[in-house]
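Mapping of the sequence shown onto mature numbering (1 follows the signal peptide of the UniProt record, and there is no 0): residues -21 to -1, 1 to 272, in sequence order.
The beta-carbon is built from N, C-alpha and C at its ideal position, and this holds for glycine as well.
A quick write-up on the structure given underneath.
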Amino acid sequence: MRKLLPILCLFIVVCFLSCTSEDKQVAENIKTYSNTWDEVINNGKLELINNTHFDERITLLMSPENIVGIKNVQDFYANYLTGFSNIEFTIVDIFGQGDKIVKHWNFKGTHTGEFFGISATGKSVDIDGVTLVSMKNGKVSQEQDFMDNMAFMQQLGILSNPDNIRVINTLYDAFAAGDIPAVLDLMDAKVVWHEAEGNAYADGNPYKGPEAVSNGVFARIGKDYDYFNLTNIQLHEMSGNQILATLRYQAKSKKNGTVIDAQVAHHWFLKNGKIIGFQQYVETKQLAEALSK
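Below, the structure written as structure tokens:
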């Protein structure tokens, strides 16, 4: 037993030194990695993507094709630096083990330049993601990003929010039920509303804000018609968070008993689940006849 004691002590010392050395290397990897990407993204120093900080065969795991090599990685990230202004790149959390690093990050910016061929939209983005990193001899050798690309495209206005259809459906259901407060609640406080040119209610164009829409449009409909129904509603999703609705107005005038059956289109504009704009297209001749004395 006494003979084994020195061997055991030596083993413990070796393990301790090995663990300490490994922990030190992980800490150095994290520090180098974090500082490098902070300078590259926040300060635009693409030149730091070089063979000092990155392996010559640095690989970004992508679909359908990986990006390999320092120059190609530089070109890839140049899209972010030329495509966005007001950039804020934050490493929310980062940890590692051995030659592996996991990074939780956040990217904010305004799309004011060309981004992978997409012309500037002026939209702001705020997106989170995770990156799996492999290090080799203190240099970055491989990265794989995970983020919600659909949410990213929606924030850019390239893809529409899939919830937009539900919002407009809810509005039409509320209107059918006579629940005007519920209709108004779906509108942004700064909604801009346009009635069709030639419609008597266009005298207030553009109506700005839910209260103006309520007083200038909905209150007048209630005063002018015995009933005013929206039928045959079909919704068509468009890019840029827009919805086109095709439908018919079926109504009866209080003034002269004229019955309307008019073809209509509604163009809706949405942002963050709220209606920010509206344009009406309708056969105004029927509406004019219904409101004539």
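Which of helix, strand or coil DSSP assigns to residue i
{"i": "residue 233", "result": "coil"}
{"i": "residue 256", "result": "strand"}
{"i": "residue 58", "result": "helix"}
{"i": "residue 2", "result": "helix"}
{"i": "residue 78", "result": "coil"}
{"i": "residue 38", "result": "strand"}
{"i": "residue 12", "result": "helix"}
{"i": "residue 272", "result": "coil"}
{"i": "residue 88", "result": "strand"}
{"i": "residue 93", "result": "coil"}
{"i": "residue 50", "result": "helix"}
{"i": "residue 122", "result": "strand"}
{"i": "residue 223", "result": "strand"}
{"i": "residue 67", "result": "strand"}
{"i": "residue -21", "result": "Its pLDDT being 48, under 50, residue -21 is placed unreliably in this model, and the coordinates cannot settle the point."}
Check whether residue i and residue j have beta carbons under 8 Å apart
{"i": "residue 175", "j": "residue 162", "result": "no"}
{"i": "residue 20", "j": "residue 37", "result": "no"}
{"i": "residue 138", "j": "residue 126", "result": "no"}
{"i": "residue 266", "j": "residue 140", "result": "no"}
{"i": "residue 114", "j": "residue 80", "result": "yes"}
{"i": "residue 82", "j": "residue 104", "result": "no"}
{"i": "residue 46", "j": "residue 165", "result": "no"}
{"i": "residue 84", "j": "residue 63", "result": "no"}
{"i": "residue 136", "j": "residue 219", "result": "yes"}
{"i": "residue 231", "j": "residue 270", "result": "no"}
{"i": "residue 172", "j": "residue 248", "result": "no"}
{"i": "residue 261", "j": "residue 228", "result": "yes"}
{"i": "residue 133", "j": "residue 106", "result": "no"}
{"i": "residue 119", "j": "residue 109", "result": "no"}
{"i": "residue 117", "j": "residue 7", "result": "yes"}
{"i": "residue 252", "j": "residue 158", "result": "no"}
N- and C-terminal bounds of the beta strand (DSSP E) containing residue i
{"i": "residue 324", "result": "Here the chain covers residues -21 to 272 and nothing more, so residue 324 does not appear."}
{"i": "residue 216", "result": "204 to 217"}
{"i": "residue 110", "result": "103 to 115"}
{"i": "residue 244", "result": "238 to 250"}
Alpha helix (DSSP H) segment containing residue i, residue limits
{"i": "residue 149", "result": "143 to 155"}
{"i": "residue 129", "result": "128 to 135"}
{"i": "residue 159", "result": "159 to 164"}
{"i": "residue 268", "result": "263 to 269"}
Closer than 8 Å to chain D by CB, residue i
{"i": "residue 95", "result": "Looking for chain D here will not work: only one protein chain is present."}
For the stretch 140 to 153 against the stretch 211 to 226, do three or more pairs of beta-carbon atoms, one drawn from each stretch, fall closer than 8 Å, so that the two count as touching? yes
Please determine if the stretch 84 to 96 and the stretch 56 to 63 are in contact, where contact requires at least 3 C-beta pairs separated by less than 8 Å. yes
Evaluate the contact criterion for the stretch 68 to 85 versus the stretch 9 to 23: three or more CB pairs, one atom per stretch, below 8 Å. Verdict: yes, contact present.
Would the stretch 243 to 259 count as touching the stretch 216 to 234 if we require 3 or more Cβ pairs under 8 Å? Using a Cβ-Cβ distance cut-off of 8 Å, the stretch 243 to 259 and the stretch 216 to 234 are in contact, since at least three pairs of beta carbons, one from each stretch, lie closer than that value.
Can you give, in chain order, each stretch of the alpha helix (DSSP H) that sits fully within the stretch 163 to 199 and has at least 4 residues? 189 to 192
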